[in-house]
Each structure stands twice: as C-alpha cells, then as structure tokens.
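Undergrad: Mind having a look at this structure? Questions to follow.
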Amino acid sequence: MFDNNLRGMIDDVRDGRIDRRAFVKRMIAVGLTAPLANQILAIGGVAMAQSPNPYKPTKRGGGGPLKLLWWQGPTLLNPHFATGTKDQDGSRIFYEPLASWDVDGHLNPILAAEIPSIQNGGLAADAKSVVWKLKPGVKWHDGKPFSADDVVFTWEYASDPATAAVSSATYAGMTVEKVDDLTVRLKFKDPTPFWANAFVGAYGCIIPKHLFAEFKGGKSREASTNLKPVGTGPYKFIEFKPGDLIRGEINQDYHMANRPYFDTIEMKGGGDAVSAARAVIQTGEYDFAWNIQVEDEVLLRLEKGGKGKTLYAVGGDIEFIAINFTDPNTEVDGERSSMKTKHPILSDPRVRQALALLVDRESIKKVIYGRAGRATANYLNGPEEFVSKNTKWEFSVEKASALLEEAGWKAGSDGIREKDGKKLKFLYQTSINGPRQKTQAIVKQACQKAGIDVELKSVVASVFFSSDVANPDTYSHFYADIEMFQIPMTQPDPALHMRRYHSRNVATKENKWQGPNFPRWVNKDFDAAVDAADIETDPIKRADLYIKCNDLMWQDTVMIPVMHRLAVEACSNTVRPALSGWANQTDNLQDWYRET
1 MFDNNLRGMI
11 DDVRDGRIDR
21 RAFVKRMIAV
31 GLTAPLANQI
41 LAIGGVAMAQ
51 SPNPYKPTKR
61 GGGGPLKLLW
71 WQGPTLLNPH
81 FATGTKDQDG
91 SRIFYEPLAS
101 WDVDGHLNPI
111 LAAEIPSIQN
121 GGLAADAKSV
131 VWKLKPGVKW
141 HDGKPFSADD
151 VVFTWEYASD
161 PATAAVSSAT
171 YAGMTVEKVD
181 DLTVRLKFKD
191 PTPFWANAFV
201 GAYGCIIPKH
211 LFAEFKGGKS
221 REASTNLKPV
231 GTGPYKFIEF
241 KPGDLIRGEI
251 NQDYHMANRP
261 YFDTIEMKGG
271 GDAVSAARAV
281 IQTGEYDFAW
291 NIQVEDEVLL
301 RLEKGGKGKT
311 LYAVGGDIEF
321 IAINFTDPNT
331 EVDGERSSMK
341 TKHPILSDPR
351 VRQALALLVD
361 RESIKKVIYG
371 RAGRATANYL
381 NGPEEFVSKN
391 TKWEFSVEKA
401 SALLEEAGWK
411 AGSDGIREKD
421 GKKLKFLYQT
431 SINGPRQKTQ
441 AIVKQACQKA
451 GIDVELKSVV
461 ASVFFSSDVA
471 NPDTYSHFYA
481 DIEMFQIPMT
491 QPDPALHMRR
501 YHSRNVATKE
511 NKWQGPNFPR
521 WVNKDFDAAV
531 DAADIETDPI
541 KRADLYIKCN
551 DLMWQDTVMI
561 PVMHRLAVEA
571 CSNTVRPALS
581 GWANQTDNLQ
591 DWYRET
C-alpha cells in the first residue's frame, strides 16, 4: 500500500516521534495537499484530526434571526432528491449526516460520536469495512429517538433503484448493518480508500425511518415529508414555499452544546445574484447570500463603504460547457436525448474540439470573474495532487475553422457553414445569471466568426436546477446541444465528482433523469479507471487514475472547462459563517454566530 519511507513516517506519527503538522508539511513539500495527507494518515492507522472550532457563544439561542438569501430558491427538501445545490442547501438546514468537512478538509463528527480510525476500531486494515458509532441522546424534531435503524434505512432507501435517488451512487457497492442501537457497520464489496463518502456531506444526510418507511421505492415521491422535513438539525421546520421561502426555528433539543446561536432562520429564494449581493453587502437587508456569481467589478463597487463583504473559498468548483452526446431533437419511446440516439453533429470529435477552441477564457476571466476565476483546461481542479498537468487550452478561431473544414462543414453564402444541406447550428442553454449570459455572448461571437450559428437559451435558475422530473428545461433532461453551469465539488476527494460520468449513471427517463451523467457520455476506459480508483488504496496510484479520468474527458471533449471558480459568498460584517471550499454552505450551519 505504501513505500517503506512513507510507511516509516506514518509509524513515526502514530508513535509520537513526528507530529501530524510536520508530516502534513512534508507531504505538501512533495506536491500533496493537507486533505490527502490526512487521508494517508487515516489509512495508515492515525486518527483523523479536527480543526479548532472558533465558535464563541456560551449559550444556546439569543442571536435573533438569521436571514439567508439563496437567489435560486429550493424546490424540495429531501436531500436524496436534490439534483441542484440549492435543494441540498435547503435540506441541510434540517437534516444532518454523520460527519462533514471543515475548511481544512478535516472530517468533523455531526451525528457520529467520533470519526472512525484504526485506533478506535472504526477502520478495518483491509479498507473493506467501517464502523460508525452514533452520538447518544439525539432526537428527531418530532421527539422520536435517532438510532442505527435510521442509518440502515437511509442506505436501503437511497440504494433502491425504484427510489430514483440522486445519491444512489454514493451508497452503491456496500451493505450497511446494525451492530446495536448506536453502532452501524459499512461493508464494502472491494477495498474502499475513500470511505468517508457515504453518510458524509450533502448526500450523506440521514432521514427518519418512521416517516419514510412507507415511501421507499416507487412511492418515494409521494411522501409529504419531501416538503415538510423532520430532521435532527439545529433548526426545526416551520414553513416552505417552493422556490420562494424556507422558515425554521431553533431546535431547543439540539445535540450540540450552546448551539445554535440564532433563534430563527429564513432562507429567501428568487431574484438574481446581483440583487442578492446588494441586499447583503450594500443595504444589509440580509445576513448572507449564496453563490454570488457576479462580475467582479460590480462586487468591488458594492464593497466600498457597504454593510457587508465578499468571502472566497477555494475548492474544486468548475464552470463548464457540457456536450450532448445524444440527439435532443429526436424522440424515442417518449424520450428526447435518448441513449438510443447519437448527436447528428457533435458525435464528430473534430466539431467538439472546434467548440473548445472557441471559448475565450482570458476574456471571460478579465471581463467577468476577476478575483473569483482561474482559467483551466481541466474538469478536475483540486485537490492539487489530482490536477492534471497533461492538458492545455487555447483560443483560436483559425484552428477551429480549419477543424470544421476538415470535418466537411463549408461556409455558405450567409457565412454559416453547411454540410449535406444542413446548417451548422447549436442550441446553447444555461441558467439566467449575468455572468453566464455574458459568457454565452462571448462564446457566440467567436462561434459566428468560425461560421457556427448559435441560438442562446436562458432558463430561470429555479427551473434549470429543479428536481422536477416533468420539467423538460432542467439541465439533467439536457434538451439542447450544449449547456453551461457549475457542479460544486463538495468533498476533498474526486470520487463522487468523477463517478458522475460513469456509464452506469446516465440520466434517462427510466431513472427519472436523476442519473448524474447528463451528457450521456460512455467511455469504457473512463469507466475502468473510475472503478479502479474506487478500490485503489495506494494514494499515488489513485491520484494517477483520477488524472487519467480527467484526461480522457479532455481528449474526448466531454466538457469544455470555462473557469475554475472560487466559491464567492456575500456576508454581513458581523456574521461569522463556518464555510469550506469542500462542503455545501449550510453544512456547518450549527457553528454560525454573530460577532457583537
């Protein structure tokens, strides 16, 4: 699993001859990151560390209201149906996982009593099982006790194909068994080096068996609790208006001492990123606004003498343009973008490569993203040890035109290319958002110079990122030729981020378009590399496999990376949020407070 030198260093840390900080510094010096160094120690038998918690309040409550502004309003409150970040964030107010990631990429217990390690008997040496001990005395918001039965049920619920949960891949290849009321054991089919996936973070939220038991499988969408959550979190549900408003109140029985600080919580939905930034930074109407994807020059103006500020968190988030490998205009058995079709134009790799050459990243960064963006050719942009050095990006109308010529697309009398009597035209969709519309305009202009006619479509964000299986305008239906948005990387490991595009996860009518592989891309080499990475316990070999996955996506032009995005939030000058580039914004909501 490790070479002798690395094994010796791990033994030194475990036996106290080297402290953890010194080990992490040595790993960083050879190109690794703190999160991976901590994972190496965990695999090697050294317990995971926890970052010091800066939380200051000494009593529960008394903090008044916390007013949040999510300009894409949540549309449901079941974390296992949350196709968009907004729905994950809304659900996370009420539901909790066993653990979550902090700012340093450390795993902190939430519903767990402790983080599993080899020392406490939680991790098996062969990486094929994990034992989680649960915190005693935790209650659901309706007063019923939380127990191992709820954890086992959540696994059964999410892994049942008939449930059509978006989190199903997180719970694949394992079984979960109850040891006693406060202990569960996860058994993996194969060695699983990144065991901190199931029951961790957004998709790890646990739901109450006593309320969902009748709604597992085919009846999963019928549960009233999908809209009226009963969780274990710091706030209890009061009201939900889909796409508009969530209201909660303090959970006086919350299982963490002196938490939460705020007496009530409100998450307001709707509007746009600019008005959200203004309502926090300039007017102080709200305490915090999420995902401020706003031109940097606008934010700089708002920050002058305002009542708030922008906060930046570095993670692996990527703004990209996705290619549809199926035909969005042909319906087969009641399904467009069916796997039984191929895209009539984009199936040619030369056309996809030409599109990649027509994305002017430098202009997009300069005009739009500024401090919040980094030009990249990679889909996988963090942690650093997983970032490929084999890729490159280039902007060239001339090279794009040459590729299109080679593919047989000749300029017509109107300047638009034609082939076999058909115009070279694409529908390019994204959510309504200032930077995205400006990016569309920049890309369209370059495409026109190369002889491509581009039709732009902008969908209201609450619809585009909706979990509504009947709505044809969601990104997962992908009834367009290309589409642009961002998928947050909510853990300091590529497993979940890259597993999305395995062929078994294609979004289809059969799985209610909940499969995360929305480009409908199938590549056997990619599948094999993802499968191998899932069970590879050597961290260096595992990193190489994920780099290979990234490079295969780049070679096949599945995604056209536009910008490595820093998470940008707007925050009151007095509120102290607990944010991480490796977690959803509400993942550590219990630690938020106001500095008075």
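Using full-length UniProt numbering, you'd call the opening residue of the sequence shown number 1 and step up by one each time.
For glycine and all other residues, C-beta sits at the position ideal for the given N, C-alpha and C.
Please read these numbers as outputs of a predicted model, since none were measured by experiment.
Can you name the residues that DSSP bridges to A528?
TA: The partner list for A528 (beta bridge, DSSP) is empty, contrary to what the question assumes.
Undergrad: Under a three-way DSSP split, which group does Y235 fall into?
TA: Y235: strand per DSSP, three-state reduction.
Undergrad: If I measure Cβ to Cβ from Y479 and keep anything under 7 Å in the same chain, skipping five residues before and after, which residues do I get?
TA: Answer for Y479: P328, R336, S337 and P472, listed in chain order.
Undergrad: Going by DSSP in three states, E406 sits in which element: helix, strand or coil?
TA: Here E406 sits in helix by DSSP.
Undergrad: For V506, which residues of its own chain have a beta-carbon under 7 Å away from its beta-carbon, when the five flanking residues on both sides are left out?
TA: For V506, where only same-chain residues beyond five positions count, the Cβ hits under 7 Å are M339, G515, N517 and R520.
Undergrad: Considering just the uninterrupted stretch of the beta strand (DSSP E) at G248, what are its terminal residues?
TA: Looking at the DSSP string, the run of the beta strand (DSSP E) that includes G248 is L245 to I250.
Undergrad: Please confirm whether G434 and D272 have their CB atoms less than 8 Å apart.
TA: Yes, they are a contact pair.
Undergrad: Going by C-alpha to C-alpha distance, which of H343, V298, F426 and W393 sits closest to Y369?
TA: It is V298 whose Cα lies nearest to the Cα of Y369.
Undergrad: Roughly how many angstroms lie between the CA atoms of V522 and S347, to the nearest whole one?
TA: So the two alpha carbons sit approximately 12 Å from each other.
Undergrad: Here's a check: name, in chain order, each residue in its chain whose Cβ is nearer than 7 Å to the Cβ of D453, leaving out the five neighbours to either side.
TA: Correct list, in chain order: I416, K423, L424 and K425.
Undergrad: Find out if the Cβ-Cβ distance for the pair A375, W393 is shorter than 8 Å.
TA: Yes.
Undergrad: Tell whether a beta-carbon distance below 8 Å holds between R221 and D587.
TA: No, they are not a contact pair.
Undergrad: Look at the alpha carbon of Y203 and the alpha carbon of V274, and state the distance between them as a whole number of angstroms.
TA: Rounded to the nearest angstrom, the two C-alpha atoms are 29 Å apart.
Undergrad: Report all residues from its chain with a CB closer than 6 Å to the CB of E285; omit the five preceding and five following residues, and keep chain order.
TA: Closer than 6 Å at the Cβ level, and outside the excluded window around E285, lie A279.
Undergrad: List the whole-angstrom C-beta distance separating G73 from S462, where the pair is believed to meet the contact cut-off of C-beta under 8 Å.
TA: About 5 Å; that satisfies the 8 Å criterion.
Undergrad: Pick out whichever of R565, R576, A113 and L68 has its Cα sitting closest to the Cα of D317.
TA: The candidate whose alpha carbon is nearest that of D317 is R565.
Undergrad: Looking at L111: is its Cβ nearer than 8 Å to the Cβ of K135?
TA: Against a cut-off of 8 Å, the Cβ pair of K135 and L111 comes out as a contact.
Undergrad: Alpha carbon to alpha carbon, how far is A528 from Y546?
TA: Approximately 11 Å between the Cα atoms of the pair.
Undergrad: Pick from W290, F320 and K307: whose alpha carbon is nearest that of A313?
TA: Taking only the C-alpha atoms, the option nearest A313 is W290.
Undergrad: Would you mind sorting E319 into buried or exposed? The rule is 16 or more other CB atoms within 10 Å of its CB.
TA: Classification of E319: buried, given that the 10 Å Cβ count is 16 or more.
Undergrad: I'd like to know if the stretch 224–233 and the stretch 71–91 are in contact, where contact means that at least 3 CB-CB pairs between them fall below 8 Å.
TA: Flag = yes, the stretch 224–233 and the stretch 71–91 touch.
Undergrad: When the Cα of F194 is compared with those of V179, G173 and D263, which residue comes out closest?
TA: That would be G173, whose Cα lies nearest to the Cα of F194.
Undergrad: Spell out a yes or no on whether the stretch 62–76 and the stretch 257–272 are touching, meaning 3 or more CB-CB pairs, one atom from each, closer than 8 Å.
TA: The stretch 62–76, when compared against the stretch 257–272, does touch it at the 8 Å Cβ threshold.
Undergrad: Rounded to a whole number of angstroms, what is the C-alpha to C-alpha distance between S117 and G143?
TA: Spanning the two alpha carbons is a distance of roughly 31 Å.
Undergrad: For V460, collect the residues of the same chain with a Cβ closer than 7 Å to its Cβ; drop the 5 residues on either side in sequence, then sort them by chain order.
TA: Excluding residues within five positions, the ones whose Cβ falls inside 7 Å are I432.
Undergrad: What's the call for T154, buried or exposed, on a 16-neighbour Cβ count within 10 Å?
TA: That one is buried.
Undergrad: Count the other CB atoms, across all protein chains shown, that sit within 10 Å of the CB of E214; report buried if there are 16 or more and exposed otherwise.
TA: So E214 counts as exposed.
Undergrad: I'd like to know if the stretch 178–185 and the stretch 119–132 are in contact, where contact means that at least 3 CB-CB pairs between them fall below 8 Å.
TA: Touching, yes, given that three or more Cβ pairs across the two stretches are closer than 8 Å.
Undergrad: Tell me the residue span of the beta strand (DSSP E) that contains D89.
TA: It is not in any beta strand (DSSP E) - D89 instead sits in the alpha helix (DSSP H) that spans T85 to R92.
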